[in-house]
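Protein chains in written order, with the working numbering: chain A, 1444 to 1651; chain B, 1444 to 1651; chain C, 1444 to 1651; chain D, 1444 to 1651. Note that CB positions come from ideal geometry on N, CA and C, so glycine has one too. Note sheet for the following structure.
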DNA sequence: CATGAATGAGTATTCATTCAT
DNA sequence: AATGAATGAATACTCATTCAT
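This is how it looks when you write it as structure tokens:
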């Protein structure tokens, strides 16, 4: 029993180690160029052990996207007492960008998109999380802001989409075409210009 | 003379055929997994002939990117006599989306992004064209519209960026996660909602 | 333990087999025309295994050169008790010729020379061993003979060079232009004529 | 007629040009690495024309070795009135080395040797010229010197061999392992040391 | 007679995956 | 359960040679 438990623990540690190494390699080299042997070496296991845990490269990749992948992010804590609309929107942007840059969602998206033709389901799942679910979560915050009178009533689904689109255009899009991209130094200024636009569109006293 | 002419014609036909096949394969399998031999076979030429026309896989791919990139940069014909602001903006959106969908820039971008870690220069070049240069071209049209009083004076560089970002978010982003994506049937309605937003921000009588 | 030992034994057998096959092919076809796949097949291993042992064609070839080069540098056992000067010189010649013919240094040199334009370092290395280092080793024996009064004092570096040159001219040079050359039947007689010349030049009672 | 003559002249000029270019390439890159297309371009003809003149790479190479190759050299003029033995021997050495270095016999030998396994006859022919015939020519001079009492009577065939061997060892051998080798700056001194040895062996007052 | 575009067989090397120990 | 040696199929690219014009 105890032995069994021990074994299972070791095994799950190995699994975790493999996932960690694999994520590192896939993000760094892309799906095709990442090598199973390299991943195994990096995780301090033999290739055979690697294959015991994940029966193919594709499965390993899928496991990363599903288990390890970036969370859509929790925007629920974005509203704090005493905040102005701008404060909240700024916080939303920051959470968003932190996921994209610090949690390497940019790099992961790149790799997943590359595999769209060969593993479409994986990409669809990712879009569900990083596209739709995230949008729902943002939308909820925006609805709350509308309820509080901080924004004028509007189609928050479409609004969240537009807001996300502007932010992506300015920050995410260029990062997708650059290895190891980081947030630019003038990020704050750009964020506020995006917020300006959002408030011009949907601020409490925006024209109809 | 006749010989030369004939040869050149044959040769340029072959070149076009190769480009067609190559595009097909790169979009279907991605850069790394597309095989030069397969491309050659598909184009009904030998690998050696393929290499006579394009001296490396990278160059062949670059040629395809260039082919798509050229029209991406030309919005000069978007203004026609008697147009309203909305007419022009609509036409800009349509040109944009046609390049992304009909000319398959979406799929191509996916492929290029996949190679960011291994061929960063290629990606940087593509972003230069499909990101920056295209924006410049859009900006020129917007400036013209401002001059004509169709839009209120504003930072057209940033405006073009925001507009492009909104359009991308709604149409391009989902398409990147889907193989063989097509424009949705309600494209027109969505386009007009994006234009609504743009005019609300930068229309002639938009608030400051 | 037992596993490790066993594996290592198998592995070293394979390595030896690969070297044998490779030598055969390189000597038969020359460096460029010898094929890694053919060598692997001949050694009954897959190309991948071949590359596990030798990470490139160049390295494989270098290993063969090294194998022949090592004995080429060792003349230390040439002096035995009770020997006359002629005995020792004869033994030196025999060792020299054995390396050239039995160990196929002649053929190997031919192959290396062919690659001088494309892999100059390889040739330089080989000359260092088969030219200079061998000469040093011969020189050491000659110095010892001088110390023992068997040869008159002289510039042993140049002497060894001349001696080697005479031997090469008579035996090696013709062999370089002939496939599968063997020592001629009257080798002994020719060796002694060369020794005659050497003793005439540097024997204990040679004129100054 | 005149036309015919003209054509034949053009044709033979082309042939010569091809041979010139081919020699250049073979010497520079070696047989295998020299490319027919490169040779044709260098000679300003099409590959098809090249093949009209020489039906295969091998034949082209053979033609070079046979037609263009380095002459064995004419040593007959080496004896001039008033010369000492040393003067004559020095002149012989210089002629020898000039053929090897200036006329590129070193490089040619390297290339031919490389092809010994595949075209043995070619190598045999070359050795006949550069080994035996040259030796005969040298021998004739030495015999004349003996007749004039400048050298003591001896087996001039073997003597010429030894002399050539010493010279080769010092100058030619190292050059074979080096691309674009040139005569060393201290060539004269080395030549005289070789002559010293020769005279010690076969000078008029050499010991028996 | 001359061209140069086209060929197809060939090269070294890599990598996901399996299997004897 | 774990190893790591072994595999074989695949890949980009080259080159001597031919043939339609």
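Answer yes or no: does any C-beta atom of chain A fall closer than 9 Å to that of residue i?
| i | result |
| --- | --- |
| residue 1527 (chain B) | no |
| residue 1617 (chain B) | yes |
| residue 1444 (chain B) | Bear in mind that a pLDDT of 45 at residue 1444 (chain B), under 50, signals an unreliable position, so the model cannot answer this. |
| residue 1451 (chain B) | no |
Cβ of residue i within 9 Å of Cβ of residue j?
| i | j | result |
| --- | --- | --- |
| residue 1561 (chain C) | residue 1472 (chain D) | yes |
| residue 1515 (chain C) | residue 1542 (chain C) | yes |
| residue 1508 (chain B) | residue 1559 (chain B) | no |
| residue 1505 (chain D) | residue 1493 (chain D) | no |
| residue 1552 (chain A) | residue 1605 (chain A) | no |
| residue 1644 (chain B) | residue 1643 (chain A) | yes |
| residue 1479 (chain A) | residue 1466 (chain A) | no |
| residue 1486 (chain C) | residue 1457 (chain C) | yes |
| residue 1548 (chain C) | residue 1511 (chain C) | yes |
| residue 1518 (chain D) | residue 1583 (chain D) | yes |
| residue 1593 (chain C) | residue 1527 (chain C) | yes |
| residue 1538 (chain D) | residue 1588 (chain D) | no |
| residue 1611 (chain B) | residue 1612 (chain A) | yes |
| residue 1469 (chain C) | residue 1540 (chain C) | no |
| residue 1581 (chain C) | residue 1607 (chain C) | yes |
| residue 1621 (chain A) | residue 1617 (chain B) | no |
Using a cut-off of 9 Å between C-beta atoms, extract the partners of residue i located in chain A.
| i | result |
| --- | --- |
| residue 1472 (chain B) | 1560, 1561 |
| residue 1613 (chain B) | 1601, 1604, 1605, 1608 |
Anything in chain A within Cβ reach of residue i, meaning under 7 Å, just list it in chain order.
| i | result |
| --- | --- |
| residue 1515 (chain B) | What residue 1515 (chain B) touches in chain A: nothing, since even the nearest Cβ is about 14 Å away. |
Going by C-alpha to C-alpha distance, which of the options sits closest to residue i?
| i | options | result |
| --- | --- | --- |
| residue 1634 (chain D) | D:1492, D:1466, D:1609 | D:1609 |
| residue 1596 (chain D) | D:1630, D:1631, D:1647 | D:1647 |
| residue 1637 (chain A) | A:1487, A:1510, A:1535 | A:1535 |
| residue 1554 (chain A) | A:1539, A:1570, A:1577 | A:1570 |
| residue 1545 (chain C) | C:1477, C:1459, C:1529, C:1627 | C:1627 |
| residue 1488 (chain D) | D:1575, D:1464, D:1563, D:1556 | D:1464 |
| residue 1497 (chain D) | D:1522, D:1525, D:1459 | D:1459 |
| residue 1461 (chain C) | C:1503, C:1523, C:1476 | C:1503 |
| residue 1598 (chain C) | D:1521, D:1639, D:1448, D:1454 | D:1639 |
| residue 1631 (chain C) | C:1622, C:1585, C:1529 | C:1529 |
| residue 1586 (chain B) | B:1602, B:1450, B:1476, B:1448 | B:1602 |
Using beta carbons (cut-off 9 Å, strictly below), is residue i in contact with chain D?
| i | result |
| --- | --- |
| residue 1448 (chain C) | no |
| residue 1621 (chain C) | yes |
| residue 1511 (chain C) | no |
| residue 1519 (chain C) | no |
| residue 1541 (chain C) | no |
With 9 Å as the threshold, decide whether the Cβ of residue i is near any Cβ in chain B.
| i | result |
| --- | --- |
| residue 1644 (chain A) | yes |
Just checking: is the beta-carbon of residue i within a distance shorter than 9 Å of some beta-carbon in chain C?
| i | result |
| --- | --- |
| residue 1464 (chain D) | no |
| residue 1467 (chain D) | no |
| residue 1649 (chain D) | yes |
In chain D, which residues lie less than 7 Å from residue i when you measure between Cβ atoms?
| i | result |
| --- | --- |
| residue 1454 (chain C) | Per Cβ cutoff of 7 Å: no residues; residue 1454 (chain C) is ~31 Å from chain D at best. |
I'd like to confirm something about residue i: is its beta-carbon nearer than 8 Å to some heavy atom of the ligand GTP, or not?
| i | result |
| --- | --- |
| residue 1465 (chain B) | The ligand GTP is absent from the structure shown, which contains no ligand whatsoever. |
Compile a chain-ordered list of the residues in the stretch 1551 to 1580 of chain B whose CB is closer than 8 Å to at least one CB of chain A. 1553, 1554, 1555, 1556, 1557, 1558, 1559, 1560, 1561, 1563, 1566, 1567, 1569, 1570, 1574
Of the residues that make up the stretch 1478 to 1508 of chain B, which ones have a beta carbon closer than 9 Å to any beta carbon in chain A? none
- Taking Cβ-Cβ distances below 8 Å as the criterion, which residues of the stretch 1625 to 1643 of chain A are in contact with chain B? 1636, 1637, 1640, 1643
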